[in-house]
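A.B. asks:
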Amino acid sequence: MIKLTINGQTQDVDVAGDTPLLWVLRDTLGLTGTKYGCGKALCGACTVHIDGAPTRACITPVESVAGKSITTIEGLSSNRSHPVQQAWIELDVPQCGYCQSGQIMSAAALLEKNPQPSDADIDSAMAGNICRCGTYPRIRKAIHRAAELRTTSKGSG
Amino acid sequence: MSKYLQANDDLPVTGGDWSRRGFLKTAAATAGGLVIGMYLPACSKPENAKSAGPAKQVTANAWLRIGTDGSITVLCDRSEMGQGVYTALPTLIAEELGVAPSTIKVEFAPPGKEYVNALLGGQVTGGSTSVRDAWEKLRMAGAEARTRLIAAAAKDWGAPPQSCSVADGYVVFTSRRKSFGELAEAAAALPKPENVQLKTRNEWQHIGKPQQRLDTPAKVDGSAQFGIDVRLPGMVYAALAQPPELGASVKSFNADAAQSMAGVRKVLQTASGVAVVADSWWQARQARDALKIEWTPGANAKLTNASIAAGLKSAASGKGKEVRKDGDVDSALKSGRRFEQTYELPLLAHATLEPQNCTVEFRDDGCHVYVPTQVQQIAQNAAAQAAGLPPEKVFVHTTFLGGGFGRRLEADFIPAAVECAKALNKPVKVLWTREDDMTHDKYRPPARNTLTGSFDANGKLNAVRIHLVAPSITSRWFPAAVANGAVDPFAVEAAHNFPYDVPNVYVDYLQHEIGIDVGYWRSVSHALNCFTVESFMDELAYEAKQDPYEFRRGMLDKQARWQMVVDTAARKAGWGRAPSGHFQGIAAMSGYDTYLAQVAEVSVDAGKLKVHRIVCAIDCGYRVNPNIVEQQAEGSIIFGLTAALFSEINIANGRVQEQNFDDYRMLRINESPQIEVYVVDSTEKPGGMGEPATALVAPAVCNAIYAATRKRIRSLPIAKQGFTV
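Rendered as structure tokens:
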């Protein structure tokens with residue numbers, strides 16, 4: 185049994201310790217928002233947060249994250265209220281949508297670390313996330329917009 | 009929610025049987041709070057269900073159900089793969105019903121004759137046809153439903169129908185109103201109305217406005233259901249070993265090691281390879297890698313890129329089928345100053361980000377197939393054949409598609425799931441690895457096209473001959489469409505409609521098969537032939553010592569829509585006024601009833617290419633949703649640029665060499681140029697937008713590279729032509 189804390193809830197999973205976290209999330213726990221794209225940390229579709237850091241779940245052995253705080257797209261907010269999700273909706277970023285959980289998790293981690301990223305900061309933080317539909321122009325705009333939304337919501341709150 | 013879903017269970021036409029009570033219960037038990045994302049077929053939101061009471065769903069027509077609670081459900085008969093049909097098609101119906109698209113619940117339609125795409129002859133999402141096919145059909149469906157609802161209310165009130173109107177889900181007459189929900193059953197019982205009037209353009213409230221996409225909310229919180237996300241009670245998972253050499257087959261295999269691995273339930277030979285079924289996909293995949301398989305080589309055992317290229321070259325000396333003949337090209341070419349060039353394009357993979365997958369369960373009523381597909385009827389037939397059942401016993405449930413680009417016009421990922429589910433008597437999800445997907449695609453055809461032009465004594469272009477040499481996708485996949493020697497229409501796009509005013513034009517297509525299957529790839533032969541024709545036009549401009557824009561523009565006097573886009577692109581890009589060190593290239597094309605021009609702006613510094621900016625002008629007729637038109641242009645440009653810069657599938661001994669995104673490179677955000685899209689206002693019928701902008705990128709960029717370096721690229725990708733990208 186491996187004890188995992190996912191989206192604030194602690195649970196035990198009975199899987200081999202070297203199983204990639206991605207498959208534990210998707211197949212064992214039914215958290216299918218995190219996607220499989222490459223299995224080699226090349227595309228970013230499986231990005232989750234481990235203690236706040238963007239991490240590729242497809243190459244992360246589940247035993248290595250026992251006791252750490254894991255956040256998936258399902259746990260980013262309960263109602264799409266995270267500024268990144270709000271900005272994504274406002275600018276209609278997704279097309280097929282398959283990569284977007286990973287894009288959003290990378291963007292959310294970026295903004296935690298760097299609340300006002302430049303285009304160059306965005307390029308460097310998001311270069312690991314492939315979007316085959318080519319939503320990059322909107323991703324860039326939406327990250328800037330999310331940065332604004334964070335400021336606004338903090339200012340008013 | 010569950011009541012709402014149960015109500016759907018009784019319907020004769022349903023898009024998804026995801027609402028089975030057993031499934032609901034089990035999914036709820038195993039998945040806790042995530043259950044909404046698990047069973048809703050799409051992004052329908054709980055808040056959309058207007059009433060808590062049990063609502064009866066009344067079928068208004070093939071695309072529309074009205075609940076007695078006033079809920080409106082549209083059955084979307086095209087697959088959503090990013091191109092926006094999930095929003096655009098319901099908008100057409102919503103407009104005529106006088107309701108906001110955002111209040112509509114959308115489900116994917118099952119296979120059905122009523123859903124055949126009139127432009128393609130089957131229930132197919134492809135060819136950038138969805139809006140073009142639906143444009144009148146779905147507005148009529150909405151208008152007919154509105155006419156019936158009004159008739160039902162008018163009858164009830166004894167009011168003249170022409171004095172009644174609809175607003176926000178109600179029929180209104182003076183101060184009276186009745187909801188669509190109250191009227192739904194009476195409306196359905198009325199005879200088919202004779203006089204159905206579509207709204208006029210000035211009455212439109214939703215069509216033509218930049219509506220937000222209806223699928224966005226579910227795509228930002230992880231709840232959108234792709235094929236890979238399907239979970240059925242008791243489901244097990246399969247990984248598939250397919251022959252590394254395309255066309256090889258299983259000779260024998262030893263599964264002893266695999267069988268003994270944790271979680272493995274069964275190893276079985278399928279028509280396409282050897283499947284390992286296990287409790288989790290990771291277990292199945294690991295056990296698959298422990299299989300020892302001996303393969304029988306097939307016809308492609310010695311196939312290489314070089315042999316394919318040599319085959320095309322040798323075939324090219326032959327004559328193809330005539331596609332177009334204006335004037336007398338042969339005579340003109342003899343008398344004029346002649347110029348000839350050959351262009352080559354490589355095999356390409358689709359690389360949808362969601363790898364191919366399919367989930368199948370046999371139930372008492374038949375075989376249920378959950379699949380991200382662009383071809384519901386073909387999927388149904390493929391599963392029926394594998395199941396040994398008649399097609400009507402196969403129920404296809406379409407999920408969201410994690411990219412399509414033509415890859416999911418194929419059905420090769422379906423039979424193994426059927427075979428496994430049958431053998432295990434359990435629901436089985438077959439999922440390909442990225443490497444499986446990359447090495448077992450139906451690749452975009454390679455091509456070798458030779459173009460010849462000549463200038464008359466006054467230096468005017470007087471002849472163009474376009475000789476296209478490539479394999480035919482259609483002759484494999486839709487042979488009936490090219491019966492009796494007909495030319496594959498999907499091989500000659502962007503060549504047969506050569507727009508420039510040249511007195512002598514000849515186009516022929518020589519079909520040359522290469523031994524492996526080729527498939528439809530976003531924009532299909534437009535991408536092959538636009539590169540060829542627009543590169544050649546650029547070469548001719550330099551031969552004629554003319555500006556490439558002026559040269560084209562001088563031969564478009566009779567082509568108003570071409571003129572408009574070429575002029576718009578040039579003007580918006582600041583043609584001829586690029587910043588210092590930057591160079592421009594232009595390309596134009598018409599396809600899918602859409603007209604486009606692009607100007608690329610590049611710099612080349614010591615062999616290092618940078619694409620700075622792409623300006624795209626579009627006339628796609630009337631825009632149902634300008635927001636999605638722009639999205640598609642942006643995305644298509646990045647798709648086309650990825651291919652132009654990097655993409656090539658290499659084959660050695662019949663094996664595809666590229667495996668994953670480290671050797672089949674994708675453009676990333678830091679490499680993405682500034683993209684500007686300008687859409688010309690138009691009242692023409694809508695044109696397609698899912699694909700065409702893809703095809704102009706390669707010629708626009710290569711023409712800009714020529715402007716920068718005087719090096720002409722006649723073979724793609726650019727990365728193989730001595731540039732660092």
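If you read the sequences in order, they're chains A and B.
For what it's worth, the working numbering labels the leading residue of the first sequence as 185, then goes sequentially.
For what it's worth, the working numbering labels the leading residue of the second sequence as 9, then goes sequentially.
All C-beta atoms, glycine included, are put in the ideal place defined by N, C-alpha and C.
Taking Cβ-Cβ distances shorter than 9 Å, what residues in chain B pair up with S290 (chain A)?
C.D. replies: Going along chain B, no residue has its Cβ under 9 Å from S290 (chain A), so there is no contact; the nearest lies around 10 Å.
A.B. asks: Can you tell me whether V139 (chain B) is helix, strand or coil according to DSSP?
C.D. replies: Residue state, collapsed to three classes: helix.
A.B. asks: Okay, do the segment 196 to 207 of chain B and the segment 151 to 164 of chain B touch, 3+ Cβ pairs below 8 Å being the bar?
C.D. replies: Yes, since at least three Cβ pairs between the segment 196 to 207 of chain B and the segment 151 to 164 of chain B fall closer than 8 Å, the two stretches touch.
A.B. asks: Which residues in the same chain as A117 (chain B) place their Cβ atom closer than 7 Å to its Cβ, once the five residues preceding and following it in sequence are excluded?
C.D. replies: Cβ within range, chain order: G23, L83, C84, D85 and Y123.
A.B. asks: So is D307 (chain A) in contact with chain B if we call contact Cβ pairs under 8 Å?
C.D. replies: Cβ-Cβ to chain B under 8 Å: yes for D307 (chain A).
A.B. asks: Anything in chain B within Cβ reach of G201 (chain A), meaning under 8 Å, just list it in chain order.
C.D. replies: What G201 (chain A) touches in chain B: nothing, since even the nearest Cβ is about 12 Å away.
A.B. asks: Closer than 7 Å by C-beta to T256 (chain A): which residues in its own chain qualify, once you throw out the five before and the five after it? Chain order, please.
C.D. replies: Closer than 7 Å at the Cβ level, and outside the excluded window around T256 (chain A), lie I190, N191, L209, L215, G217, T218 and V232.
A.B. asks: Buried or exposed: S262 (chain A), going by 16 or more other Cβ atoms within 10 Å of its Cβ?
C.D. replies: Under this definition S262 (chain A) is an exposed residue.
A.B. asks: Considering only the beta carbon of each residue, do A658 (chain B) and N365 (chain B) sit closer than 8 Å?
C.D. replies: The identity of residue 658 (chain B) in the sequence shown is Asn, whereas the question assumes Ala. Result no, Cβ atoms of N658 (chain B) and N365 (chain B) do not sit closer than 8 Å.
A.B. asks: When the Cα of Q284 (chain A) is compared with those of A:A200, A:Y220 and A:S308, which residue comes out closest?
C.D. replies: Of A:A200, A:Y220 and A:S308, the residue nearest in Cα terms is A:Y220.
A.B. asks: For a cutoff of 8 Å on Cβ pairs, would you count Q277 (chain B) as touching chain A?
C.D. replies: No, its Cβ sits nowhere closer than 8 Å to a Cβ of chain A.
A.B. asks: Just to confirm the assignment: which complete beta strand (DSSP E) runs, minimum length 3, are found wholly within the segment 192 to 251 of chain A?
C.D. replies: The segment 192 to 251 of chain A contains these whole beta strand (DSSP E) runs: 193 to 197, 231 to 234 and 237 to 240.
A.B. asks: With DSSP run on the structure shown, which of helix, strand or coil describes A108 (chain B)?
C.D. replies: Three-state result, A108 (chain B): coil.
A.B. asks: Buried or exposed for Q170 (chain B), please, with buried defined as at least 16 other CB atoms from any protein chain shown within 10 angstroms of its CB.
C.D. replies: By the neighbour-count rule (16 or more Cβ atoms within 10 Å), Q170 (chain B) is not buried but exposed.
A.B. asks: Mapping DSSP to helix, strand and coil, what is G696 (chain B)?
C.D. replies: Note: G696 (chain B) maps to coil in three-state DSSP.
A.B. asks: Please list the partners that T360 (chain B) has in chain A, where partner means a Cβ-to-Cβ separation under 7 Å.
C.D. replies: Result: R316.
A.B. asks: Would you mind stating whether Q279 (chain A) and Q639 (chain B) have Cβ atoms separated by less than 8 Å?
C.D. replies: Yes. Within cutoff.
A.B. asks: Applying the criterion that 16 or more other CB atoms from any shown protein chain within 10 Å of the CB defines a buried residue, is R140 (chain B) buried or exposed?
C.D. replies: That one is buried.
A.B. asks: Using 10 angstroms around the beta-carbon of S268 (chain B), count the other beta-carbons present and answer buried if the total reaches 16, otherwise exposed.
C.D. replies: That one is exposed.
A.B. asks: Give the residues of chain A in contact with Q384 (chain B), contact being defined as C-beta atoms less than 7 Å apart.
C.D. replies: Those do not exist, as Q384 (chain B) stays about 18 Å from chain A at its closest Cβ, beyond 7 Å.
A.B. asks: Would you mind sorting P299 (chain A) into buried or exposed? The rule is 16 or more other CB atoms within 10 Å of its CB.
C.D. replies: By the 10 Å Cβ count, P299 (chain A) comes out exposed.
A.B. asks: Alpha carbon to alpha carbon, how far is N537 (chain B) from V610 (chain B)?
C.D. replies: Going from the Cα of N537 (chain B) to the Cα of V610 (chain B) covers about 22 Å.
A.B. asks: At which residues does the beta strand (DSSP E) containing G599 (chain B) begin and terminate?
C.D. replies: Its beta strand (DSSP E) spans residues F591 to G599.
A.B. asks: State the DSSP-derived secondary structure class of W303 (chain B), mapped to helix, strand or coil.
C.D. replies: Residue state, collapsed to three classes: strand.
A.B. asks: For R569 (chain B), does the three-state DSSP call read helix, strand or coil?
C.D. replies: Helix.
A.B. asks: In terms of residue numbering, what span does the beta strand (DSSP E) encompassing A703 (chain B) cover?
C.D. replies: Looking at the DSSP string, A703 (chain B) is not in any beta strand (DSSP E), and its letter there is neither H nor E.
A.B. asks: Which value, in whole angstroms, describes the spacing of the CA atoms of L311 (chain B) and V246 (chain A)?
C.D. replies: Whole-angstrom Cα-Cα distance: 42 Å.
A.B. asks: Buried or exposed for K259 (chain B), going by 16 or more other Cβ atoms inside 10 Å?
C.D. replies: With fewer than 16 other Cβ atoms within 10 Å, it is exposed.
A.B. asks: Classify Q193 (chain A) as buried or exposed, calling it buried when 16 or more other Cβ atoms lie within 10 Å of its own Cβ.
C.D. replies: Q193 (chain A) comes out exposed.
A.B. asks: Can at least three beta-carbon pairs, one atom from the segment 436 to 447 of chain B and one from the segment 527 to 544 of chain B, be found at a separation below 8 Å?
C.D. replies: Contact between the segment 436 to 447 of chain B and the segment 527 to 544 of chain B is absent, because fewer than three Cβ pairs lie under 8 Å.
A.B. asks: Can you grab the Cα-Cα spacing for the pair Q233 (chain B) / K227 (chain B), in whole Å?
C.D. replies: Between Q233 (chain B) and K227 (chain B), the C-alpha separation is close to 9 Å.
A.B. asks: Quick check: is the beta carbon of P204 (chain A) nearer than 8 Å to any beta carbon in chain B?
C.D. replies: Closer than 8 Å: yes.
A.B. asks: Return the chain-ordered ranges of every beta strand (DSSP E) run that is complete within the segment 335 to 417 of chain B and spans a minimum of 3 residues.
C.D. replies: Counting whole runs of 3 or more residues, the segment 335 to 417 of chain B contains the beta strand (DSSP E) stretches 345 to 353, 365 to 371, 374 to 379 and 402 to 406.
A.B. asks: Along chain A, in chain order, which residues have C-beta atoms closer than 8 Å to that of Y245 (chain B)?
C.D. replies: Those are D211, listed as they occur along chain A.
A.B. asks: Give the single residue among B:A68, B:A390 and B:A317 whose Cα lies nearest to the Cα of M148 (chain B).
C.D. replies: If we check each option's Cα against that of M148 (chain B), B:A68 comes out closest.
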